[in-house]
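Below is one structure, written out as structure tokens; the observations come after it.
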Amino acid sequence: MEDDKDIVVLYDEEDNECRFEVLAVLDVDDGRYAILMPENEDEEEEEAYVLRIEQDENGEDILVGIDDDEELDTVVEAYEELARQQDN
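In the numbering used here, the protein residues as written are 19 to 106.
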């Protein structure tokens, strides 16, 4: 396993620790977004999570789920384009 991965720790509804690798941070339109992959996800079943990066009242970055399908689609398209560029 690579040691230079960026890891984020989040907690589920039952306060269980969930570790994610940060695949990318993207600026799309007026927002910033994080693409996260569960740290021990089987590569054959890749399921990335897309979260919006916002700031709380203290100016700290927080991750927020995206409810708007159009916003989500726009970010996914931007990430896929970035991945294609990196493959070339």
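Ideal placement from N, C-alpha and C gives every residue a C-beta, glycine not left out.
The beta carbon of residue 64 lies closer than 8 Å to those of 55 in the same chain, with the five residues before and after it left out. When beta bridges are read from the DSSP output, residue 54 appears opposite 40, 67.
Remark: C-beta atoms of residue 50 and residue 71 approach each other more closely than 7 Å. Beta bridge pairing from DSSP links residue 72 with 80. Residue 53 counts as buried, since no fewer than 16 other beta carbons sit within 10 angstroms of its beta carbon.
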